[in-house]
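Have a look at the structure below, then the notes.
There are 2 protein chains.
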Amino acid sequence: MSGKLFLVGMGPGSLQHMTYAARKAIEQSQIVIGYRAYINLLEDDPAGPSLLEGKEVIRKEITEESERARLALEKAGEGNIVSLISGGDVGIYGMAGLVYEILAEQVWRGDHGVRSGYQVPDIEVLPGITAAQAAASLLGAPLMQDFACISLSDLLTPWEQIAARLQAAAQADFVLCLYNPRSRQRTWQIQEAQRILLAHRSPETPVGLVTHAYRRGQQVTVTTLGEMTQHPIDMSTIILIGNRTTFILEGRLITRRGNAGSR
Amino acid sequence: MSGKLFLVGMGPGSLQHMTYAARKAIEQSQIVIGYRAYINLLEDDPAGPSLLEGKEVIRKEITEESERARLALEKAGEGNIVSLISGGDVGIYGMAGLVYEILAEQVWRGDHGVRSGYQVPDIEVLPGITAAQAAASLLGAPLMQDFACISLSDLLTPWEQIAARLQAAAQADFVLCLYNPRSRQRTWQIQEAQRILLAHRSPETPVGLVTHAYRRGQQVTVTTLGEMTQHPIDMSTIILIGNRTTFILEGRLITRRGNAGSR
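Protein chains in written order, with this note's numbering: chain A, 1 to 263; chain B, 1001 to 1263.
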């Protein structure tokens, strides 16, 4: 019997901003697999422990992304109902792509459905509130016009490609969401991004920094493109950079709905 | 006493993909205001009618966006708890920006807080699953790399600006989400967008079309950039266009997590 694999986006980090469909998927599952910190967030939630009660819960470290994906495919392929959970939206810089990449390799190698007792599981993706949305909602209404999401992590993407995207987005006046702006190892990328953006956009451009959105230690800072790197930024920070129509009103970042006035 | 205004993103159109926080906001409200079709979707939901029970429900037509925003500010400013609901994410091409724009005008004119009995209400934004996420989850995992959302509606933004954004995003190999691709009045924009994109991307580029995501009449089509305009596209359609690393596996659209292999 083939199993079921739910790829679940849990949102910014509590049950509050999870969807009903995502919660129902976890409720239905026999096995729940996830990065340790996210499983912990679920358990810390007042309604979380009962959600996980009676299930096999598998916690893995942040570096074990491929192991989580492989294990989820394997357990579901053996006939189990499995939820693989991911912070934010599982389909936006999340685990969904990795699961499908591994599945694709197995299909291409011809070794899916051949091992005895293993069948490709039915896969269902449950979207969740991604970090850019969580940050935007805390800042006001910065994403009212065309926007681009760019990850500054050059682990899997060469920096030249990231730089080209920053430049293109700045030039065409997109609102920008920067994911993974800085980590302990990656420190120069945010400075370099700022330099690229300042070539096309005023240093007065409104910028919002949100760290730990909707979690303990949440911090919301409204600043400018010229000054943003003087504030604390780490791997839990999302940076939203306004376009030419974005303005600040009583500490909120607001982008006009249209561009007609700034022609 | 100043009231409270919740700006609520209800997701693709049922309670299933709404967040707990969004639902709780509506539950707490005395007055619920929204576009008629979305209020109807809520009522059609098995759990929806009880959610709205005992509340003042104000339905407005699709053209009455400003009226909805003004009314919500007014009712909340008079001391009520009000939810203004919006499909998808209220902060992404939704009602949040309009509410803040109107508030800004009032502040600049100096006529907020001066009318007797009126105070600027406390405003809280509740994010929701936006159409691009709903579509992506039904297609597989197309949004695993940097992506840009572009609305093809030139009602508030001049077409030259939209065309420049399409070109910049295509050139820098963003995955693309096209909102408002076609309406009864606007028919040539999607053809023109296709022409611009084909100048930078192969006609074989995988494309997903999703109409009425998670609603009655849902349609999911996997096609290519060269052929996408031969399929039905209307104002309920979201178009996701892959980048150079996107591939199709058993009817799913998958974007590789990184670009390293395609350098």
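Using N, Cα and C, we set each Cβ at its ideal position, and we do this for glycine too.
{"Asked": "Classification of VAL8 (chain A) by the beta-carbon crowding that lies within 10 angstroms, buried from 16 upward", "Found": "buried"}
{"Asked": "Beta strand (DSSP E) segment containing TYR93 (chain A), residue limits", "Found": "Taken as a continuous stretch (DSSP letters only), TYR93 (chain A) belongs to no beta strand (DSSP E), as it is neither H nor E."}
{"Asked": "Assigned secondary structure, TYR100 (chain A) (DSSP; H/G/I helix, E/B strand, else coil)", "Found": "helix"}
{"Asked": "ALA141 (chain A) beta carbon less than 7 Å from that of ILE254 (chain A)", "Found": "yes"}
{"Asked": "DSSP three-state assignment for ILE123 (chain A), whether helix, strand or coil", "Found": "strand"}
{"Asked": "Runs of beta strand (DSSP E) lying entirely within the segment 1021–1074 of chain B, each at least 3 residues, in chain order", "Found": "1031–1035 and 1056–1060"}
{"Asked": "Within-7 Å CB hit, PRO203 (chain A) to chain B", "Found": "no"}
{"Asked": "Cβ of VAL992 (chain B) within 7 Å of any chain A Cβ", "Found": "The shown model of chain B, from 1001 to 1263, leaves out residue 992 (chain B), and the question about it has no answer."}
{"Asked": "Status (buried if at least 16 other CB within 10 Å, exposed otherwise) for ASP1089 (chain B)", "Found": "buried"}
{"Asked": "Buried or exposed by the 16-neighbour rule on C-beta atoms within 10 Å, applied to ASP1173 (chain B)", "Found": "buried"}
{"Asked": "DSSP bridge partner residues for SER1151 (chain B) (one or two, in chain order)", "Found": "B:TYR1179"}
{"Asked": "Any C-beta of chain A under 7 Å from that of LEU1156 (chain B)", "Found": "yes"}
{"Asked": "Chain A contact residues for HIS1212 (chain B), given Cβ-Cβ distances below 7 Å", "Found": "Within chain A, no residue comes near HIS1212 (chain B); the closest Cβ sits about 16 Å away, beyond 7 Å."}
{"Asked": "Chain-ordered neighbours of TYR93 (chain A) on chain B, where CB pairs are closer than 7 Å", "Found": "MET1144"}
{"Asked": "ILE62 (chain A) beta carbon less than 7 Å from that of TYR38 (chain A)", "Found": "no"}
{"Asked": "Chain-ordered chain A contacts of ASP1089 (chain B) [CB-CB under 7 Å]", "Found": "GLN133"}
{"Asked": "The segment 1154–1165 of chain B / the segment 40–51 of chain A touching (three or more Cβ pairs under 8 Å)", "Found": "no"}
{"Asked": "Collapsed DSSP secondary structure at GLN1218 (chain B) in the structure displayed", "Found": "coil"}
{"Asked": "Partner residues on chain A for PHE1174 (chain B), Cβ-Cβ distance less than 7 Å", "Found": "ALA148 and ARG165"}
{"Asked": "Contact with chain B by SER262 (chain A), beta-carbon distance below 7 Å", "Found": "Since pLDDT at SER262 (chain A) reaches only 42, below the 50 mark, its modelled position is unreliable, and the value read off the structure follows with that caveat. With 7 Å as the cut-off, SER262 (chain A) does not count as an interface residue toward chain B."}
{"Asked": "Buried or exposed by the 16-neighbour rule on C-beta atoms within 10 Å, applied to ASP1146 (chain B)", "Found": "buried"}
{"Asked": "Cβ pair ILE1239 (chain B), LEU1178 (chain B) closer than 7 Å", "Found": "yes"}
{"Asked": "Exposed unless 16 or more other CB atoms sit within 10 angstroms - verdict on VAL1032 (chain B)", "Found": "buried"}
{"Asked": "Classification of GLU43 (chain A) by the beta-carbon crowding that lies within 10 angstroms, buried from 16 upward", "Found": "exposed"}
{"Asked": "CB contact flag (GLU1204 (chain B), THR1224 (chain B), <7 Å)", "Found": "yes"}
{"Asked": "Neighbouring residues, chain B, relative to ILE241 (chain A) (Cβ below 7 Å)", "Found": "By Cβ distance, chain B contributes nothing, its closest Cβ being about 14 Å from ILE241 (chain A), past 7 Å."}
{"Asked": "Start and end residues, beta strand (DSSP E) containing ARG1252 (chain B)", "Found": "1252–1255"}
{"Asked": "Check whether ASN1080 (chain B) and GLY1128 (chain B) have beta carbons under 7 Å apart", "Found": "no"}
{"Asked": "Burial state of ARG1195 (chain B), where buried means 16 or more other Cβ atoms lie within 10 Å", "Found": "exposed"}
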